[in-house]
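Report on the following structure.
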Amino acid sequence: MDDDGAAPNGERVPSAVGSGPAGPLTVAALASWRAVLGEVDRAVTDAERVDLLRALEELKSAACAAQARISVDLDASQRAEQARAGVPLARRGAGVGAQVALARRESPHRGGRLLGLAKALVVEMPHTYRALQAGLLSEWRATLIVRESACLSVEDRTAFDAELAADPGQLDGLGDGQLLARAKKVAYRLDAASVVRRARKAESERCVSLRPAPDTMSYLTGLLPVAQGVAVLAALTKAADSARAQGDQRSRGQVMADTLVERVTGQESADAVPVEVQLVMTDRTLLAGDDEPATIPGYGTVPAGWASRLVARRLGAPGLEGVGRATQVWLRRLFTSPSTGQLARMDSRRRTVPPGLARFIATRDQTCRTPWCDAPVRHADHIVPWSEGGRTEADGLEGYCEACNYAKQAPGWRTRAGPSGGEDGHVVETTSPTGHRYRSRAPALPGHHSPDEGERDSSPAERYLLDLHRVA
Ligand SMILES: [Zn+2]
């Protein structure tokens, strides 16, 4: 039940906090601490080892508290600067979460959440913040507490903070689940109406996402209001029951999965052709049985044999009757060598990005070009704004997700194409308002080998983007 710290905590006195190395918190001071951490004394007793484990955990929490304080200061200062630059009040604060994310090597989405957490802790929840600073709460557990207070008014949140964390000893030894239960109880008592508001807010966050699972499978996840989720499952269960009553040999789970695919895509059989799937692969994988893996935009890497079988099936190969007959496969040559190619050189004087080029960018970049952002590409954006002479050609464009495209429009952000692409692929350098520079490199597509991988074949691979379409 509670395997994370029921041990008595009495021997550690919070007043020990603050007796660290003298001097202000600077990058240089932290670097010397890191050097100390790199020299673990192996000649200590086990009791000392256990004390060290605890002290290091507390140091991590204290570091998170310091990051929260610093993030809040950065936010205030950046907002003030944006105000001076004439940014209207409603749009101030744009891009600050992105700066926190880049600095912390997190996705922009998570950067925004971390900044929100920091503001709640530092500004509105001083007791929880102090518990984090004293090492009595981890950043994750502080996040759980803040999340439970999300829908409370500022006054209620203050009361919630005091009741829950004014005496952090009360939280000692509680598992995450127990901590959550206690936080919920306090929040509900303070404001029952907030539970309703909260449910409404949660409903607004409904969404569907896809992520890779092992063995070329994928998890399709729908975050739905509970009634809808139950209804979807009930409908699939019913379909499985009736199919099996009629002698269907598939398992319940298989019928449910097939039915989900059929009803969502509108196709007659789950095994038929998807409405649209894209594959990026080399000519050698496609035609010569090479083992160079292929890529599915929006999913990731798939084994070579699997990819060529998929194409064969979609083409209605003999022996697979009924499958893929009504399929068209479009082959598009992406580029003939890592550094050249028609599409890559395609130049356009127009401001908007033509669909073929946008597709090329989405395929080349695969995910948003902001470092540490995994979101799918939604915009092909000019690296140098079109109004400042940016060109509508592949080298002048980068793929962005919706949120990053917006964050980059805040004042003070600059991007430029990195040093010549070539074998290194397409490089973009982004400069944040504080002058920090971050580099993003387009991922290696099939057919690209780093020199240390050795020479597979002296002839350059041709890369294809295959569009598998169902003919209407
Ligand atoms: Zn992004």
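This note's numbering puts the first residue of the sequence shown at -11, with every later residue one more than the last. Using N, Cα and C, we set each Cβ at its ideal position, and we do this for glycine too.
Could you tell me which of the options sits nearest to residue i, measuring between CA atoms?
{"i": "G163", "options": "E193, L132 and A138", "result": "L132"}
{"i": "L109", "options": "A138, R42, G378 and A181", "result": "A138"}
{"i": "A395", "options": "L13, Q166, H367 and V415", "result": "H367"}
{"i": "R57", "options": "A245, E112, L168 and L224", "result": "E112"}
{"i": "R129", "options": "K48, H424 and K189", "result": "K48"}
{"i": "R232", "options": "A222, L221 and M244", "result": "M244"}
{"i": "E127", "options": "A147, R145 and R101", "result": "R101"}
{"i": "D529", "options": "Q234, G235 and A228", "result": "Only positions -11 to 460 of the chain appear in this structure, which leaves residue 529 out of reach."}
{"i": "G277", "options": "E417, R404 and G293", "result": "G293"}
{"i": "T270", "options": "S230, K172, A295 and G235", "result": "A295"}
{"i": "L274", "options": "E191, L298 and L211", "result": "L298"}
{"i": "C389", "options": "A54, D369 and A171", "result": "D369"}
{"i": "L224", "options": "V252, K189, L211 and P213", "result": "V252"}
{"i": "G123", "options": "L178, T380, Q166 and L41", "result": "L41"}
{"i": "V416", "options": "G377, G157, G384 and P114", "result": "G384"}
{"i": "Q166", "options": "Q242, E136 and A346", "result": "E136"}
{"i": "A147", "options": "A169, V174 and R170", "result": "V174"}
{"i": "R22", "options": "A51, R37, K189 and G254", "result": "A51"}
{"i": "D63", "options": "P76, R272, G81 and L345", "result": "G81"}
{"i": "S375", "options": "A391, A78, S20 and R338", "result": "R338"}
What do you get for residue i, buried or exposed, if any count of 16 or more other CB atoms within 10 angstroms of its CB means buried?
{"i": "V142", "result": "exposed"}
{"i": "M205", "result": "exposed"}
{"i": "V88", "result": "buried"}
{"i": "V290", "result": "buried"}
{"i": "Q216", "result": "exposed"}
{"i": "L159", "result": "buried"}
{"i": "G307", "result": "Residue confidence for G307 is low, a pLDDT of 41 falling below 50, so the modelled location carries little weight; the figure read from the coordinates is stated next. Per the 10 Å Cβ criterion, exposed."}
{"i": "V218", "result": "exposed"}
{"i": "D155", "result": "exposed"}
{"i": "P285", "result": "buried"}
{"i": "V15", "result": "exposed"}
{"i": "T340", "result": "exposed"}
{"i": "E309", "result": "Residue confidence is low: E309 scores 42 on pLDDT, short of 50, so the model does not pin down where it sits. No coordinate-derived value is stated."}
{"i": "T33", "result": "exposed"}
{"i": "Q121", "result": "buried"}
{"i": "R118", "result": "buried"}
On the three-state DSSP scale, how would you describe residue i?
{"i": "L124", "result": "coil"}
{"i": "L208", "result": "strand"}
{"i": "Y117", "result": "helix"}
{"i": "V311", "result": "Since pLDDT at V311 reaches only 42, below the 50 mark, its modelled position is unreliable, and no value is offered."}
{"i": "I284", "result": "strand"}
{"i": "C195", "result": "strand"}
{"i": "H97", "result": "helix"}
{"i": "A50", "result": "helix"}
{"i": "Q266", "result": "strand"}
{"i": "R129", "result": "helix"}
{"i": "V290", "result": "strand"}
{"i": "L44", "result": "helix"}
{"i": "A169", "result": "helix"}
{"i": "A332", "result": "Unreliable positioning characterises A332 in this predicted model, as indicated by a pLDDT of 47, which lies under 50. The coordinate reading is nonetheless provided below. If DSSP states are grouped into helix, strand and coil, A332 belongs with the helices."}
{"i": "P364", "result": "strand"}
{"i": "A17", "result": "helix"}
CB-CB under 8 Å to residue i, same chain, minus the five flanking residues each way: which ones, in chain order?
{"i": "T116", "result": "L109, L125, A130, I133, V134, D149, L152 and A153"}
{"i": "E256", "result": "E250"}
{"i": "D362", "result": "S95, T355 and C356"}
{"i": "P421", "result": "Q66, E69, G83, Q87, A398, P399, G400 and W401"}
Report all residues from its chain with a CB closer than 6 Å to the CB of residue i; omit the five preceding and five following residues, and keep chain order.
{"i": "A106", "result": "A56, S59 and V60"}
{"i": "L331", "result": "With a pLDDT of 44 at L331, under the threshold of 50, the modelled position of this residue cannot be trusted, and the question is left open."}
{"i": "P342", "result": "none"}
{"i": "A350", "result": "V365 and G387"}
{"i": "H414", "result": "A430"}
{"i": "A346", "result": "A368"}
Can you name, in chain order, every residue of its own chain whose Cβ lies under 7 Å from the Cβ of residue i, other than the five neighbours on each side?
{"i": "P200", "result": "S206, Y287 and G288"}
{"i": "P359", "result": "L90, Y426 and S428"}
{"i": "S197", "result": "T209"}
{"i": "A43", "result": "none"}
{"i": "V183", "result": "Y176"}
{"i": "P431", "result": "Q354"}
{"i": "G11", "result": "A17"}
{"i": "L140", "result": "F148, A175, L178, D179 and S182"}
{"i": "L248", "result": "L224"}
{"i": "R404", "result": "I371, V372 and E417"}
Quiz item: Within the chosen definition, does the stretch 63 to 81 reach the stretch 28 to 36 through at least 3 CB pairs nearer than 8 Å?
Solution: no
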